[in-house]
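Participant: Supplied in C-alpha coordinates, the structure appears directly below.
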Amino acid sequence: MISRVEWFQRVVGLKGGRFRRTGITGGNIVLGTVLGILSGKYIFEEPLQHYWAEKHAADAALRETAPVISPSAVGTNNDGGSANSKQ
(Lines of atoms letter the chains of each structure in order from A and count residues from 1; the text may use other names and numbers.)
(Lines give C-alpha, C1' and ligand atoms only; values in the text may rest on other atoms or scores of the structure.)
Protein backbone atom coordinates (compact mmCIF):
# COMPACT_ATOMS: atom_id res chain seq x y z
CA MET A 1 0.00 0.00 0.00
CA ILE A 2 1.20 3.51 -0.85
CA SER A 3 1.57 6.15 1.86
CA ARG A 4 -0.45 9.36 1.81
CA VAL A 5 2.66 11.46 1.19
CA GLU A 6 3.65 9.39 -1.87
CA TRP A 7 0.06 9.45 -3.11
CA PHE A 8 -0.05 13.26 -2.81
CA GLN A 9 3.31 13.63 -4.57
CA ARG A 10 2.08 11.51 -7.45
CA VAL A 11 -1.23 13.35 -7.72
CA VAL A 12 0.38 16.78 -7.97
CA GLY A 13 3.03 15.47 -10.34
CA LEU A 14 6.09 15.56 -8.13
CA LYS A 15 6.65 11.84 -8.56
CA GLY A 16 6.06 9.64 -11.55
CA GLY A 17 3.48 6.92 -11.33
CA ARG A 18 0.18 5.80 -12.65
CA PHE A 19 -1.38 9.25 -12.23
CA ARG A 20 1.17 10.86 -14.54
CA ARG A 21 0.64 8.32 -17.31
CA THR A 22 -3.11 8.79 -17.62
CA GLY A 23 -4.66 11.39 -19.87
CA ILE A 24 -3.13 13.95 -22.16
CA THR A 25 -1.40 16.76 -20.30
CA GLY A 26 -1.50 19.18 -23.24
CA GLY A 27 -5.19 18.50 -23.76
CA ASN A 28 -5.89 19.21 -20.12
CA ILE A 29 -4.06 22.53 -20.35
CA VAL A 30 -6.00 23.55 -23.46
CA LEU A 31 -9.29 22.47 -21.92
CA GLY A 32 -8.54 24.36 -18.70
CA THR A 33 -7.59 27.48 -20.65
CA VAL A 34 -10.77 27.41 -22.72
CA LEU A 35 -12.95 26.82 -19.67
CA GLY A 36 -11.19 29.62 -17.79
CA ILE A 37 -11.72 32.10 -20.62
CA LEU A 38 -15.38 31.20 -21.07
CA SER A 39 -16.19 31.24 -17.35
CA GLY A 40 -14.31 34.52 -16.91
CA LYS A 41 -16.31 36.04 -19.75
CA TYR A 42 -19.62 35.05 -18.18
CA ILE A 43 -18.56 36.01 -14.66
CA PHE A 44 -17.02 39.41 -15.44
CA GLU A 45 -18.85 40.56 -18.58
CA GLU A 46 -21.76 42.32 -16.84
CA PRO A 47 -19.67 44.12 -14.17
CA LEU A 48 -17.20 45.30 -16.84
CA GLN A 49 -20.00 46.63 -19.04
CA HIS A 50 -21.44 48.47 -16.04
CA TYR A 51 -18.01 49.92 -15.18
CA TRP A 52 -17.31 51.13 -18.70
CA ALA A 53 -20.80 52.61 -19.07
CA GLU A 54 -20.24 54.65 -15.89
CA LYS A 55 -16.73 55.63 -17.04
CA HIS A 56 -17.94 56.82 -20.46
CA ALA A 57 -20.84 58.73 -18.88
CA ALA A 58 -18.46 60.47 -16.47
CA ASP A 59 -16.09 61.35 -19.32
CA ALA A 60 -18.95 62.73 -21.40
CA ALA A 61 -20.19 64.83 -18.47
CA LEU A 62 -16.68 66.13 -17.89
CA ARG A 63 -16.33 67.08 -21.56
CA GLU A 64 -19.65 68.96 -21.47
CA THR A 65 -18.77 70.96 -18.36
CA ALA A 66 -15.11 71.63 -19.24
CA PRO A 67 -14.35 75.06 -20.69
CA VAL A 68 -13.56 75.11 -24.37
CA ILE A 69 -10.08 76.41 -25.12
CA SER A 70 -9.54 77.72 -28.61
CA PRO A 71 -6.36 76.51 -30.34
CA SER A 72 -5.16 80.11 -30.80
CA ALA A 73 -5.28 80.75 -27.02
CA VAL A 74 -3.13 77.76 -26.11
CA GLY A 75 0.39 78.71 -25.12
CA THR A 76 -0.16 82.45 -24.76
CA ASN A 77 -0.01 84.77 -21.78
CA ASN A 78 -2.34 87.65 -21.08
CA ASP A 79 0.20 90.10 -22.52
CA GLY A 80 -0.05 88.51 -25.94
CA GLY A 81 3.40 86.92 -25.92
CA SER A 82 4.05 83.21 -25.99
CA ALA A 83 4.16 81.27 -22.74
CA ASN A 84 7.77 80.23 -23.31
CA SER A 85 9.19 83.66 -24.09
CA LYS A 86 10.93 85.63 -21.36
CA GLN A 87 10.81 89.42 -21.42
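Just so we're aligned: 14 in the numbering used here is position 32 of the sequence shown, and the numbers increase by one with no gaps anywhere.
Positions of the beta carbon are idealized from the N, C-alpha and C atoms, including for glycine.
If you draw a straight line from the alpha carbon of ALA40 to that of LYS23, how long is it in whole angstroms?
Facilitator: 25 Å
Participant: In whole angstroms, what is the alpha-carbon distance linking GLY18 and ILE51?
Facilitator: 47 Å
Participant: Between ARG(-14) and THR15, what straight-line distance do the alpha-carbon atoms span, to the nearest angstrom?
Facilitator: 30 Å
Participant: So what does DSSP say about SER(-15), is it helix, strand or coil?
Facilitator: coil
Participant: When you compare only the Cα positions, how much space is there between PRO29 and LEU13?
Facilitator: 25 Å
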